[in-house]
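For reference, the structure is listed below as structure tokens.
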Amino acid sequence: MPNLPDVVLWSIPAFVLLTVVEMASYRFHPDEDSEGYETRDAVTSIGMGLGSLVFDFLWKIPIVAIYTAVYELTPLRIPVLWWTVPLMLLGQDFFYYWSHRGHHIVRILWACHVVHHSSRKFNLTTALRQPWTSLTVWPFYVPLIALGVHPAALAFCSSANLVYQFWVHTERVGKLPRPFEYVLNTPSHHRVHHASQGGYLDRNFGGILIVWDRLFGSFTPETVQPVFGLTKNIGTYNPLRVATHEYAAIARDVRAAASWRERAGRVFGGPGWQPAPVAGAVLDPVTPAAPAVPSTASAAVLETPSERIA
12 MPNLPDVVLW SIPAFVLLTV VEMASYRFHP DEDSEGYETR DAVTSIGMGL
62 GSLVFDFLWK IPIVAIYTAV YELTPLRIPV LWWTVPLMLL GQDFFYYWSH
112 RGHHIVRILW ACHVVHHSSR KFNLTTALRQ PWTSLTVWPF YVPLIALGVH
162 PAALAFCSSA NLVYQFWVHT ERVGKLPRPF EYVLNTPSHH RVHHASQGGY
212 LDRNFGGILI VWDRLFGSFT PETVQPVFGL TKNIGTYNPL RVATHEYAAI
262 ARDVRAAASW RERAGRVFGG PGWQPAPVAG AVLDPVTPAA PAVPSTASAA
312 VLETPSERIA
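With the sequence shown counted from 1, adding 11 to any position gets you the numbering used here.
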């Protein structure tokens with residue numbers, strides 16, 4: 012087994028230091044256009060992060076068993092060398108993009124990922140707001156194992172990707188020089204990803220690199236101040252409800268479904284999926300709720316939010 016460092020463990024002191032610095036910056040240099048910190052929200056985010064460590068440890072047992080079985084079956088081997096690790100990290104980032112995108116467009120996967128988007132703040136503690144049901148992620152990386160990437164090397168690359176993404180959860184960093192903005196996932200790009208406006212929904216899925224979004228048509232630059240959170244915010248700081256609210260909503264919708272086709276759509280369709288109206292049925296007019304508008308933007312600039320259930 013390759014002997015690779017635990018980059019998350021080594022990064023914890025930096026996480027703590029940067030969070031304290033960001034909190035101090037809001038304390039001594041408040042910005043009325045930024046969401047900043049709210050104590051209950053930050054505590055919930057930290058609690059979700061601590062809980063995810065426990066559940067991730069449990070999920071690793073079956074996941075490692077599956078990855079090991081695939082690795083033993085494949086005849087391919089990629090050695091862990093100074094020049095292969097960047098290539099493996101590139102491959103992991105590519106499959107991370109598709110995993111992340113999939114967790115936005117399939118509702119049962121969104122039920123896991125919605126946790127990370129449930130805060131109406133956007134600060135470094137938001138990066139810690141991680142799901143407790145990340146068992147849905149592992150299938151996306153099976154191709155890397157089949158190509159000969161050792162499971163430990165994949166774990167290292169995934170951890171490095173996670174560590175990189177910590178610093179992009181901030182409003183205190185503006186746009187970087189153009190070459191960085193073109194290639195890398197930056198705070199500006201990730202603010203778009205966490206926004207709830209219609210024009211920003213389901214955009215900028217990249218982990219370390221933003222080039223995947225540019226290549227596959229999911230990139231949107233930051234032009235209007237983002238409104239963070241969900242199109243329908245959950246209004247709770249209870250970690251258990253934060254972790255499970257979308258699963259509960261899916262269960263309610265499945266119970267109320269009129270057919271097996273509708274049940275499948277409620278689970279595997281998009282987060283805003285609705286069954287097709289019955290031919291000849293008279294539909295009641297629905298007035299969409301007005302989206303929250305940031306203080307510095309005109310409502311005319313914003314698009315109507317999609318019907319995401321969260």
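Here a beta-carbon is modelled for each residue, glycine too, at the ideal position from N, C-alpha and C.
Residue i, buried or exposed, once every other Cβ within 10 Å from all chains shown has been counted against 16
i, result
"residue 160", "buried"
"residue 142", "buried"
"residue 14", "exposed"
"residue 30", "buried"
"residue 130", "buried"
"residue 40", "exposed"
"residue 270", "exposed"
"residue 211", "buried"
"residue 43", "exposed"
"residue 59", "buried"
"residue 118", "buried"
"residue 216", "buried"
"residue 65", "exposed"
C-alpha gap between residue i and residue j, whole angstroms
i, j, result
"residue 396", "residue 224", "Any property of residue 396 remains undetermined from this structure, which presents the chain solely from 12 to 321."
"residue 82", "residue 152", "12 Å"
"residue 199", "residue 174", "17 Å"
"residue 300", "residue 102", "Only weak support is given to the placement of residue 300: the predicted model assigns it a pLDDT of 41, under 50, and the value that follows is read from those uncertain coordinates. Using only the alpha carbons, I get a separation of about 41 Å."
"residue 54", "residue 250", "9 Å"
"residue 391", "residue 120", "Coverage of the chain is limited to positions 12 through 321, which leaves residue 391 absent and any answer about it impossible."
"residue 38", "residue 155", "45 Å"
"residue 285", "residue 276", "8 Å"
"residue 208", "residue 85", "45 Å"
"residue 317", "residue 266", "Caution applies to residue 317, whose pLDDT of 35 falls short of 50 and renders its modelled position unreliable; the value that the coordinates give is listed next. Spanning the two alpha carbons is a distance of roughly 24 Å."
Range of the contiguous alpha helix (DSSP H) that encloses residue i
i, result
"residue 114", "95 to 116"
"residue 153", "153 to 157"
"residue 56", "50 to 84"
"residue 38", "18 to 39"
Reference residue i; option with closest CA among the options
i, options, result
"residue 108", "144, 70, 218", "218"
"residue 36", "47, 27, 76", "47"
"residue 232", "202, 261, 207", "202"
"residue 178", "51, 249, 28", "28"
"residue 205", "185, 134, 169", "134"
"residue 176", "26, 17, 16", "26"
"residue 213", "190, 279, 240, 76", "240"
"residue 148", "166, 42, 137, 132", "166"
"residue 57", "186, 182, 287, 136", "136"
"residue 45", "216, 280, 263, 236", "236"
"residue 115", "245, 229, 89", "229"
CB contact below 8 Å: residue i versus chain C
i, result
"residue 171", "Absent here is chain C; the protein component of the structure consists of one chain."
(Q) Could you tell me which whole alpha helix (DSSP H) segments of length 4 or greater appear in the segment 226 to 270? (A) 250 to 267
Q) What runs of the alpha helix (DSSP H), each 4 residues or longer, lie entirely inside the segment 153 to 198? A) 153 to 157, 162 to 177, 189 to 194
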